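Visitor:
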Amino acid sequence: MKITSFDIKYALMYYFRFKRQWLCASECMNNDIMAITDKDIVEVEVKISKYDLWKGEAKKRKHEYMINPSGWSLMSMPNRFYICVPIYLEEEARRWVNQINKKYGIIRYDPQFSKYDAISISKSAISLHNNIANKRIERKIMMRVCAENINWMDKK
């Protein structure tokens, strides 16, 4: 069975919303998934190939800012960052995290389980900064959730 990024995003959103009781949205602020916890913002990038993990993320400047966050960059930066990969890319993701930013976490997607149980934390993320969740980011996430719902309703 071919794993798609949609499969993983669906499982992640289920995990965040129903298992962790967090608010979450997909494709928010140029991120695959963003979630609001009780105290911070979590960003997740989904990768389904080794090439996309190394080359796709290399194009993004945000990883430079997340090494030493300060000033204006904190305004749009999550408190924690995860990379989510299918189980077959887990070791590659570990190498990527060790090279790019050791504070990043790894989420594993295992298609052997149902979409409701396919997500597990392989490596917990460490806070990139301790600022309280930015209200601007919270608002963007909620706006994205509303847009997703409206688009879904339009298709009915």
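Read left to right, the sequence shown gives residues 1 to 156 (the UniProt record's numbering).
A virtual CB, placed ideally from N, CA and C, is assigned to each residue, including glycine.
A quick note: this is a predicted structure, and the numbers were derived from the prediction, not measured.
First and last residue of the alpha helix (DSSP H) that includes A93?
Guide: Run containing A93: E90 to I100, per the alpha helix (DSSP H) assignment.
Visitor: Report back the beta-carbon spacing between I36 and I141 to the nearest angstrom; my notes put them in contact at under 8 Å.
Guide: Confirmed, about 6 Å.
Visitor: According to DSSP, which residues form a beta bridge with G105?
Guide: G105 pairs with Y82.
Visitor: If you draw a straight line from the C-alpha of L128 to the C-alpha of Y15, how long is it?
Guide: Roughly 22 Å between the two C-alpha positions.
Visitor: For E64 and D38, what's the separation of their Cα atoms in angstroms?
Guide: Going by the C-alpha atoms only, they are around 27 Å apart.
Visitor: Following a CB-centred definition, is A147 positioned closer than 7 Å to any heavy atom of the ligand SAM?
Guide: You won't find the ligand SAM in this model; it holds no ligand whatsoever.
Visitor: Using only CA atoms, which one of Y82, K103 and D154 lies nearest to I121?
Guide: Closest by alpha carbon: Y82.
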